[in-house]
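One structure is given here, and the rest of the page talks about it.
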Amino acid sequence: MKHKTSSIGKGYGVFLIPGIIAFLIIIIIPFLINIGISFTKWSGVRQPVWIGLSNYQRLIGDSVFWLSFRNDLILLVAMTVVPVIVGLLLATFLFDYITNNFGQQVSSFFRAGFYLPQVLPSAVIGIVWAWILEPDWGVVNYVLRSLGLSALTRNWLGDPSTALLAVMVVTVWFQIGYPVVIFMAALQRVEPELLEAASMDGASWFQKFYYITIHLIRPEILVVILTTTIYTLKIFGQVWVLTGGGPGNATSVPSYYAYKNFFETQQVGYGSTVSLAMAVIIILLTFLFINLQTRQETAEAA
Amino acid sequence: MAAKQYRFSRAAVKWITLIALAIFLLLVLMPFILVTINAVKTEAEFAQYGPLSLPHGLHFTSLEGFWVRVDFSQVLKNSTVISMCVAVFAVVLSLLNAFALGFGKIRGRIWILVFFLMANFLPQEALAYPLYYFAKFFHVYDTDLAVILVFTVIQGAFGTYLLSSVLSTFPREIVEAAMVDGCSKLRLLVNIVAPLSMPTLSVLFVFFFIWTWNEFFLPLILLPSNAGQTVPLALAINQGQYGMNVTAQSASGLLGILPCVIFFLIFQRTLTKGITAGGIK
Chain A
4 MKHKTSSIGK GYGVFLIPGI IAFLIIIIIP FLINIGISFT KWSGVRQPVW IGLSNYQRLI
64 GDSVFWLSFR NDLILLVAMT VVPVIVGLLL ATFLFDYITN NFGQQVSSFF RAGFYLPQVL
124 PSAVIGIVWA WILEPDWGVV NYVLRSLGLS ALTRNWLGDP STALLAVMVV TVWFQIGYPV
184 VIFMAALQRV EPELLEAASM DGASWFQKFY YITIHLIRPE ILVVILTTTI YTLKIFGQVW
244 VLTGGGPGNA TSVPSYYAYK NFFETQQVGY GSTVSLAMAV IIILLTFLFI NLQTRQETAE
304 AA
Chain B
25 MAAKQYRFSR AAVKWITLIA LAIFLLLVLM PFILVTINAV KTEAEFAQYG PLSLPHGLHF
85 TSLEGFWVRV DFSQVLKNST VISMCVAVFA VVLSLLNAFA LGFGKIRGRI WILVFFLMAN
145 FLPQEALAYP LYYFAKFFHV YDTDLAVILV FTVIQGAFGT YLLSSVLSTF PREIVEAAMV
205 DGCSKLRLLV NIVAPLSMPT LSVLFVFFFI WTWNEFFLPL ILLPSNAGQT VPLALAINQG
265 QYGMNVTAQS ASGLLGILPC VIFFLIFQRT LTKGITAGGI K
């Protein structure tokens, strides 16, 4: 491997210079400054005042931050758990049953249909669903009233008991398509002979699904779980549009809480601390992701 | 007879399953349908027949009203310019980086790649305030340029990661032949590596374009005035404002959806290829 590298020569580092400079200015320096600000009390104007670890102490005891974080963990169900499970079932069903009985094109059509919500901007998803869930003339309450179920109508996004649930439903809706597409591609690696052999040995559908399919597409399942976990921590647009983190803080998430500290309550120092806490979690997840990926690649190569 | 009956019931099950799946898909696509049918109704029609009735004729008053209200032509132009510039610049940046890291295999590349990947994963909140401050300091605040620069680097970071792994398996024989002919590295990149990487570059281009189009958080911070806003931003800020009736809100949703559905229809193949190649979303 080593002498092969030398055959194309050295001195490629020069091509990295623009990338490194841009990276320093847009990512590294802002990130370091953000760390610096997290040790200060600053409203964004005048001089920041150094206050050491006070913001971190505040963070530990801040019930709104922990509530936001808890909301993120709950949203993980809507962003990762449900889409992975439903995605696996849908992808297997499309791949096995629909493709076999109705052909590739029908199955591709369904895949495209389920994927469609994924191409929308988070803010537009928020606009569409805020319209559907509107209490007075929104579609959901309209349907309930038409069915004579007026008792079930709610101010879905304005009621603390249903707001987070409503955000979760919206999240599941746009998230389903992502695992479906990835898993359907992965399923192409599963050899039909293997499944047939298992059938001959009397394996049930579920046994085949569990022991063969899931086992073989494990790498993709892992990719989906880790990327969607990271995306969960970054949820912002739909919350901003749907609920503004409310009512109260019922649907606040860390990214929204950081934004609020930066630009609404002008507590820039504390906002930086919140955002840094998010960054640390994401960096840890990224390392886990790379670690698992390299381990898998080495395992596959062996 | 028995065999025939069996075959019949199997066929019936087949079609019933297909219909059930089609109904499920219809439910998933219902928000698209609802927003579309209600955007072309009059307010009176909505009041009388509710949101589920099909429109009695096409009324573009809501759409036109909303279009004028947010100056949608300008907003579309802003989004197109920003997304196009980012897609082009970020592809070039990714290619340069990946040429050094994936192709040239310079020392320490693994760590540099980890850094780039992290830059893409990092929550934008952790960069937002300094970037906001920088933008003001360098007098690019509230300009498309600020957004273009920031997203070129953020998207380019991901492109570097993906493209480096593609270029690390670039066929060496082609390169060696060129090197023997005394081809410079820059010409190698421009004349050989770039053209042969076109399939990956076009996937990256499409994704960068759509991702940038869909961005919300940093544009919200960097583009405060109406004139420079992107599609998601302009729609979100005007959402639920005083004087917006139900059909106008529906129209706003439709105008947000349409460009993305069009991109999807045009680039469907590229998108599917990309998602499955890199686990990218």
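Chains as they are written, first to last, in the numbering used here: chain A, 4 to 305; chain B, 25 to 305. Using N, Cα and C, we set each Cβ at its ideal position, and we do this for glycine too. Please read these numbers as outputs of a predicted model, since none were measured by experiment.
Helix, strand or coil at residue i according to DSSP, with G and I counted as helix
i      : result
A:V2   : Because chain A here runs from 4 to 305, residue 2 of chain A falls outside it and cannot be looked at.
A:K44  : strand
A:V109 : helix
B:S164 : It should be pointed out that residue 164 of chain B corresponds to Val in this sequence rather than to Ser. Coil.
A:W208 : helix
B:V138 : helix
A:W53  : strand
A:N158 : coil
B:S107 : helix
A:I276 : Here residue 276 of chain A is Thr; the residue named in the question, Ile, does not match the sequence. Correct three-state label for A:T276: helix.
B:S192 : coil
A:Q3   : Since the displayed chain A opens at 4 and closes at 305, residue 3 of chain A lies outside it and no answer follows.
A:D65  : coil
A:V193 : coil
A:P138 : coil
A:L287 : helix
A:I23  : helix
A:D75  : helix
A:K237 : coil
A:S202 : helix
B:R131 : coil
Spatially closest choice to residue i from the options, by CA coordinates
i      : options                           : result
B:T294 : B:Y153, B:A143 and B:T224         : B:T224
A:L279 : B:E149, B:I43, B:V112 and B:L51   : B:E149
A:I24  : B:L173, B:T60 and B:F70           : B:L173
A:F98  : A:L78, A:F34 and A:P195           : A:P195
A:M82  : A:Q269, A:R298 and A:V173         : A:V173
B:H80  : B:S192, B:N262 and B:N62          : B:N62
A:G141 : B:V92, B:L76, B:L53 and B:I286    : B:L76
B:W235 : B:F127, B:G252, B:P256 and B:P219 : B:P256
B:S249 : B:I43, B:Q72, B:L58 and B:D166    : B:D166
B:E200 : B:V110, B:V37, B:G128 and B:H83   : B:G128
A:E223 : A:R192, A:G205, A:I238 and A:Q107 : A:R192
A:A189 : B:C284, B:K160, B:I299 and B:N144 : B:I299
A:Y259 : A:F68, A:V52, A:L295 and A:F34    : A:F68
B:S192 : B:L119, B:V105, B:Y153 and B:N102 : B:L119
A:V84  : A:D204, A:N294, A:M203 and A:V175 : A:V175
B:A251 : B:N102, B:L146, B:P154 and B:V214 : B:N102
A:M281 : A:L152, A:F239 and A:A126         : A:F239
Sequence-distant residues of its chain with Cβ nearer than 7 Å to residue i (five each side left out)
i      : result
B:N269 : E67
A:L160 : A133, L136, A166, A169, L245 and T246
A:N144 : P138 and T156
A:Q121 : F177, G180 and Y181
A:M187 : A94, L97, F98 and R114
A:S275 : N37, I40 and S41
A:T297 : none
Per-residue contacts from residue i into chain A (C-beta, under 9 Å)
i      : result
B:G206 : Ordered by position in chain A, no residue passes the 9 Å Cβ test against B:G206, which lies about 12 Å from the chain.
B:A201 : Going along chain A, no residue has its Cβ under 9 Å from B:A201, so there is no contact; the nearest lies around 11 Å.
Cβ neighbours of residue i in the same chain (closer than 6 Å, five flanking residues each side left out)
i      : result
A:M4   : Legend: pLDDT at A:M4 = 41, less than 50; position of this residue unreliable, value from coordinates given subsequently. If we look at A:M4 and ignore the five residues flanking it on each side, it has no Cβ neighbours.
A:P86  : Q178, I179 and P182
A:L19  : none
B:A275 : A63, S86, L87 and F90
A:L93  : V183
B:A159 : Y165, A170 and L246
Chain A residues whose Cβ lies nearer than 8 Å to that of residue i
i      : result
B:N121 : F18, L19 and G22
B:Y165 : Ordered by position in chain A, no residue passes the 8 Å Cβ test against B:Y165, which lies about 13 Å from the chain.
Close Cβ partners of residue i (< 8 Å) along its chain, the five nearest in sequence each way excluded
i      : result
A:K7   : Any reading at A:K7 needs caution, since the residue's pLDDT is 46, under 50, leaving its predicted position unreliable; the model's value is listed next. Closer than 8 Å at the Cβ level, and outside the excluded window around A:K7, lies no residue.
A:D162 : P250
B:L117 : T176, V177, G180, G183 and T184
A:L70  : N252 and S255
A:V277 : L62, F68, P257, Y260, A261 and N264
A:E300 : none
Proximal chain B residues relative to residue i, where beta-carbon distance stays under 8 Å
i      : result
A:P124 : W237, N238, E239, F240, V255, P256, G280 and C284
A:K237 : P147 and Q148
A:I30  : A143, L146, L151, V177, I178 and A181
A:M281 : P147, E149 and A150
Chain A contact residues for residue i, given Cβ-Cβ distances below 7 Å
i      : result
B:I234 : V122
B:M142 : I286 and T289
Chain B contact residues for residue i, given Cβ-Cβ distances below 7 Å
i      : result
A:F105 : L42
A:A115 : Q292
A:I77  : Under the 7 Å cutoff, chain B gives no residues; its nearest Cβ is about 18 Å from A:I77.
With a floor of 4 residues, list each alpha helix (DSSP H) that falls wholly inside the stretch 219-253 of chain B, ordered by position along the chain.
The qualifying runs are 222-238 and 241-246.
Go through the stretch 49-103 of chain B residue by residue and report every complete run of the alpha helix (DSSP H) that reaches 4 residues or more, in order.
67-73 and 85-93, all fully within the stretch 49-103 of chain B.
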